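Mapping of the sequence shown onto the working numbering: residues 34 to 154, in sequence order.
Worksheet: one structure, shown below.
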Amino acid sequence: MATGACANRTDSESCPLARTSTLSNSDRRIIMAKTNVFLGQGEIGQDIPIDRVRYVRAPAAQDGKGRLAIDLITSEDNFRWLFDSDVDNTQMAVLAGVLAEPMNIPDDERVQLQRPGRASL
């Protein structure tokens with residue numbers, strides 16, 4: 034469920050979700066698309082290979098407008114998806130859990146993070 038504004042996002046700005054957007058995942062990738070374009074033309078807005086997912090979190094706090102968020106971090110991009118304030122916390126936890134299943138920090142990145150002067154994992 035990500036709007037076109039989320040495509041190719043390389044910063045940590047938020048991407049508000051619209052009721053007209055779709056976020057889906059498979060065993061190979063996470064897909065973001067505008068629902069009407071996806072259903073009518075089969076066009077995907079952006080896809081993220083599962084093996085690039087490094088970290089997923091669902092902050093407990095809502096933003097100033099009462100919206101819940103899910104953050105997904107890859108080695109190249111940071112995504113923050115905001116959901117309407119009427120979305121239930123349980124639904125958010127389930128979605129975050131599904132997206133988090135493939136979380137993976139490659140060994141070489143883990144070693145770099147554990148070098149002196151860096152916080153350990």
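By construction, the Cβ of each residue, glycine as well, lies at the ideal position given by its N, Cα and C atoms.
Note that the structure is predicted; figures quoted are calculated from it, not measured.
- Along the segment 54–97, the alpha helix (DSSP H) occurs as fully enclosed runs of 4 or more residues at 68–74, listed in sequence order.
- Beta-bridge analysis with DSSP links R100 to no other residue.
- With contacts defined by Cβ atoms closer than 8 Å, E76 and A66 form a contacting pair.
- Between A126 and R113, the C-beta spacing is not below 8 Å.
- A direct Cα-to-Cα measurement between D119 and T53 gives close to 15 Å.
- Counting of Cβ neighbours within 10 angstroms places L105 among the buried residues, the total reaching 16 or more.
- Between the C-alpha atoms of T123 and Y88 there is a straight-line separation of about 20 Å.
- In the three-state DSSP reduction, N122 falls in the helix class (H, G or I).
- In the DSSP assignment, N111 forms a beta bridge with I106.
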